[in-house]
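Residues are numbered in the working numbering as their position in the sequence shown, beginning at 1, plus a constant of 199. Heads up, the beta-carbon is just placed ideally off N, CA and C, and yes, glycines get one too. Here's the structure, in structure tokens; my notes come after.
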Amino acid sequence: MTERASWPNLVRALRLSRNETQGAFAAAMGVAQQTISRWEAGSQIPDLAIQHKLRQHLSIMALSSTAYWMYRVSHAYGQELLIDRGLTILAVSASAAAQMGLNNDQIVGKDLRDLLPPQAVRSSSDSEELANLVELGFFDGLIRSVTMSVFWSAEHAAAAGRLDIWPIVTTEQAILGYVQGYPKNKNEPPANRLLKIEDVNVRLNKD
């Protein structure tokens with residue numbers, strides 16, 4: 200990757216690591232928000248002074264590789280998933296697999312949407328946002344986070360929880376989706392059928 204071609208990804212990676220909007224990041228860098236937009240679009244590269252400042256920040260970002268994130272998620276104690284731009288599940292924690300009533304081989308490598316039956320997502324603009332994370336720019340750094348309420352059946356009773364999806368930037372300059380599950384009751388039995396998803400809240404990474 201050439202120096203010019205790498206700056207859009209590097210700038211976006213730094214901004215996402217700080218969990219900042221373009222406006223907040225621009226203020227921290229001492230430039231206009233439109234300048235950040237041009238940097239991330241690749242229509243302008245930072246001047247030498249700003250490049251030095253950015254490199255100082257980048258050197259302490261501690262970005263990790265995709266392989267590291269796959270290892271981290273697969274060995275996590277909590278309920279976690281890792282997905283790529285194609286919504287393929289790259290890794291799953293044992294707790295998340297158990298909660299879904301599936302084993303690792305039934306989850307890893309599968310499309311996330313295949314684990315969500317059609318009736319699980321209600322017909323609304325919220326569900327369209329969930330189904331169109333790619334089109335909305337989640338994997339291009341345009342979305343800061345996605346939070347949703349989930350409901351499933353477990354031992355003939357209804358159970359509830361929350362899912363958070365965060366973009367993470369790897370050393371390969373890829374953006375992956377880091378999914379964390381939070382059952383409302385930590386002692387919930389494993390799910391045997393996802394019932395519905397609602398209250399999807401998409402936080403955009405722009406002013």
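C-beta contact flag for residue i and residue j at 9 Å
i	j	result
L332	G376	yes
L311	T287	yes
R211	E239	yes
F337	I367	no
A275	S263	no
I244	R214	no
E219	A231	no
L340	S348	Per the sequence shown, the amino acid found at residue 340 is Gly instead of Leu. Taking 9 Å as the Cβ cut-off, G340 and S348 do not qualify as a contacting pair.
G277	S292	yes
W206	Q250	yes
Continuous alpha helix (DSSP H) stretch holding residue i: start and end
i	result
I235	Q232 to A240
T265	T265 to S273
E334	L332 to L335
F224	Q221 to M228
Start-to-end residues for the beta strand (DSSP E) that takes in residue i
i	result
Q379	I374 to P382
8 Å contact criterion, which residue i and residue j should meet: CB distance rounded
i	j	result
Q298	G380	7 Å
S273	A248	The pair is not a contact, with the Cβ atoms about 42 Å apart (cut-off 8 Å).
Any non-hydrogen atom of the ligand NAD closer than 8 Å to residue i Cβ
i	result
G308	Summarising the ligand content, the structure contains no ligands, and the ligand NAD is consequently not present.
Exercise for the section: Jot down the residue ranges of each uninterrupted beta strand (DSSP E) in the region 280 to 320, minimum 3 residues, whole runs only, in chain order. Expected result: 288 to 291
Exercise for the section: Decide if the region 281 to 296 is in contact with the region 367 to 375; the criterion is three or more beta carbon pairs, one per stretch, under 8 Å apart. Expected result: yes
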